[in-house]
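Note that the protein sequences, when read in sequence, are chains Z and W.
Each residue of the first sequence is one higher than the one before, starting from 6 at the first, in the working numbering.
Each residue of the second sequence is one higher than the one before, starting from 48 at the first, in the working numbering.
Note that CB positions come from ideal geometry on N, CA and C, so glycine has one too.
Input: a single structure, listed below in structure tokens.
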Amino acid sequence: MKRFLLPFVMMLVFSAESIFTDLVHFPFVTDDQVLAPRFLMLVLIFMSAFINQKHAMIYGFIFGFLYDMNYTSLLGVYMFGFAGLCYLASKAFKVLHTNAFVVILIAVLAVCLLEFYVFGIQSLIHKDIMTFNGFVLDRFIPTILLNIAAALILVLPFRLFFMSLKKELRDE
Amino acid sequence: MPNKRLMLLLLCIIILVAMIGFSLKGGRNTTWPEKVIGDTTGVFQNIFHTPAEFFAGIFENINDLKNTYKENERLREKLDGQTQYEAKLQELEEENKSLRDELGHVKSIKDYKPILATVIARSPDNWAKQVTINKGTQQNVAKDMAVTNEKGALIGKIKSSGLNNFTSAVQLLSDTDRNNRVATKISGKKGSKGYGLIEGYDKEKKRLKMTIIERKDKQDVKKGDLIETSGTGGVFPEGLTIGEVTDIESDSYGLTKVAYVKPAADLTDLNNVIVVNRDVPTVDTEEEGS
């Protein structure tokens, strides 16, 4: 049963990102600062930690593709970004324990890498879209703080869900 | 097998570059797989967005209640003058209509049919400034149409690469794309002052950059002048508010003047929007493209 629930949950996470940017405005965030929610990245890393590499990479690929089509005008960037980071993360989880703390650490690290990767591609395409200093101060730090908070909140419910899903997959 | 992995990695990079190259092609239209996928995700976005918006609306309403008294006072003062204006407006509109009838069926580039739409998603990665609306080609939305907010202030245009059957992507004015250009009309207190061209968005100043192309009778463009669409760009109708001038500078060669325009619409808070379908047929873009 839970296996069929998974795409819907991922779709919800996918939409939650855009709903967050559209409707949530924190009063302490100035106009210059950019908070980019990366809930999908976080959940994909949780997936590679608690289910397996294959699931995480396939979902990363598909939802990255959806992300590219719906939210950006550049095809391919998130598709390979999500799948690649899931691959690296699951390599890391082969040697690391998958307790909540380590998983959060890896997930936040993945968000950092993703931010720099997308920044790199954007500055390749549009010259002087943002200076590096501006990127780190106005975009990178607020985004990481937001995603650390999101990871802390999301890790336990998704751990429960993914663990039981893995059990179900193993039983079959 | 490290060799096989290396090959795979290289293949991925090649595909990535090819896909980016494909999507950067200027003014490309949506391909059919994109349309199918875009419409399907649109359904989900609609389902999840509607209740979220409802809850956000409740919080907003509570905030609004606090300011109600002050606003009421201010509005009452304004209302006194309103009836006068309304009568005058009606008179002028009737006169305009009768004059038009006398001339025969003259269609103005000011006329348009509004298509009401709701924002169902916003790009979360904040690099591309775009929102998705719940109307597409089935509701007569076409590429490059102007989109305004509820008050009629311009917020952007329909993206040609994001136009699906039931949803479409709106490129906001604050997007850094070089193709984000709008032909404008500058009007001061005493009427038209000339024409300009919006050439993009200045991220640091948070203003639209407008080159002043033509000034009538050498009038100077001043701070506070209103900027509207001129309708000469081909697709946009005339007279949509864009914003007002806040700053004027000479360009780096000292040949033309550049005005910085503050958008009248709040681009971060969009809910219901209007897609503007101009009555006068637009020039075929195929012919233009040279």
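- Cβ neighbours of Gly199 of chain W within its own chain (closer than 8 Å, five residues either side excluded): Leu287, Thr288, Ile321.
- Excluding its 5 nearest sequence neighbours in each direction, Val82 of chain Z has C-beta neighbours in its own chain below 7 Å: Asp73, Val123, Ile126, listed in chain order.
- The three-state reading of DSSP puts Gly89 of chain W in helix, counting H, G and I together.
- Identification of chain Z residues near Ile84 of chain W by a Cβ-Cβ cut-off of 9 Å yields Phe70, Leu71, Met74, Asn75, ordered along the chain.
- Ser95 of chain Z and Val34 of chain Z have their alpha carbons spaced roughly 34 Å apart.
- Just so you know, the alpha carbons of Ile167 of chain W and Arg325 of chain W end up roughly 24 Å apart.
- In the three-state reduction of the DSSP assignment, Arg169 of chain W falls in the strand class, which pools E and B.
- Distance check between Asn181 of chain W and each of W:Thr214, W:Lys72, W:Glu197, W:Val83 places W:Thr214 closest, using alpha-carbon atoms only.
- Interface with chain W (9 Å Cβ-Cβ cutoff): Leu17 of chain Z is included.
- Only those residues of the region 17-34 of chain Z whose C-beta falls short of 9 Å from the nearest C-beta of chain W are listed: Leu17, Phe19, Ser20, Ala21, Glu22, Ser23, Ile24, Phe25, Thr26, Asp27, Leu28, Val29, His30.
- Per DSSP, Thr184 of chain W lies in no alpha helix (DSSP H) segment and is marked neither H nor E.
- The alpha carbon of Gly280 of chain W has as its nearest neighbour, out of W:Lys309, W:Trp79, W:Asn226, the alpha carbon of W:Asn226.
- Residues of chain Z with a Cβ closer than 9 Å to the Cβ of Val166 of chain W are, in chain order, Asp27.
- Annotation: Phe145 of chain Z to Thr103 of chain Z spans about 26 Å, alpha carbon to alpha carbon.
- Using a CB distance cut-off of 9 Å, Met66 of chain W counts as an interface residue toward chain Z.
- Rounded to whole angstroms, the gap between the alpha carbons of Ala112 of chain Z and Ile149 of chain Z is 11 Å.
- If the five residues before and after Gln186 of chain W are omitted, its C-beta is found closer than 7 Å to the C-beta atoms of Ile162, all from its own chain and listed in chain order.
- Counting only residues of its own chain and dropping the five nearest sequence neighbours on each side, Leu11 of chain Z has a CB closer than 7 Å to the CB of Leu170.
- Looking from the CA of Gly85 of chain W, the closest CA among W:Gly183, W:Ile105, W:Gly151 belongs to W:Gly183.
- Residues of chain W whose Cβ lies closer than 9 Å to the Cβ of Ala94 of chain Z do not exist, since the nearest Cβ in that chain is about 16 Å away.
- For Glu22 of chain Z, there is no enclosing beta strand (DSSP E); the enclosing alpha helix (DSSP H) has its first and last residue at 7-28.
- Boundaries of the alpha helix (DSSP H) around Ser53 of chain Z: 44-55.
- Contact residues of the region 114-127 of chain Z toward chain W are Val123, Phe124, Ile126, Gln127 (C-beta to C-beta distance below 9 Å).
- Note on the region 204-252 of chain W: whole beta strand (DSSP E) runs with a minimum of 3 residues are 215-219, 229-235, 238-249, in chain order.
- Per DSSP, Gly290 of chain W lies in no alpha helix (DSSP H); the unbroken beta strand (DSSP E) holding it starts and ends at 288-297.
- Segment contact: the region 265-283 of chain W against the region 235-252 of chain W, three or more CB-CB distances shorter than 8 Å; contact assigned.
- In the three-state scheme derived from DSSP, where H, G and I count as helix and E and B as strand, Pro284 of chain W is classed as coil.
- For Ser70 of chain W, at least one C-beta of chain Z is nearer than 9 Å to its own C-beta.
- When the five nearest sequence neighbours on each side are left out, the beta carbons in the same chain lying within less than 8 Å of the beta carbon of Arg8 of chain Z are those of Leu170, Glu173, Leu174, in order along the chain.
- The beta carbon of Lys144 of chain W sits closer than 7 Å to none of the beta carbons in its chain outside the five residues before and after it.
- Neighbourhood of Lys206 of chain W in chain Z, by CB distance below 8 Å: Ser78, in chain order.
- Using a Cβ-Cβ cut-off of 7 Å, Leu63 of chain W is close to Gly81, Phe85 of chain Z, given in chain order.
- Around the beta carbon of Met257 of chain W, a 10 Å sphere encloses 16 or more other beta carbons of the protein chains shown; the residue is thus reported as buried.
- Within a 10 Å sphere around the beta-carbon of Tyr159 of chain W sit 16 or more other beta-carbons, which makes this residue buried.
- Below the 7 Å Cβ cutoff, chain W contributes Thr223 as neighbours of His131 of chain Z, in chain order.
- Against chain Z, a Cβ distance below 9 Å from Pro49 of chain W picks out nothing, because the smallest value is about 14 Å.
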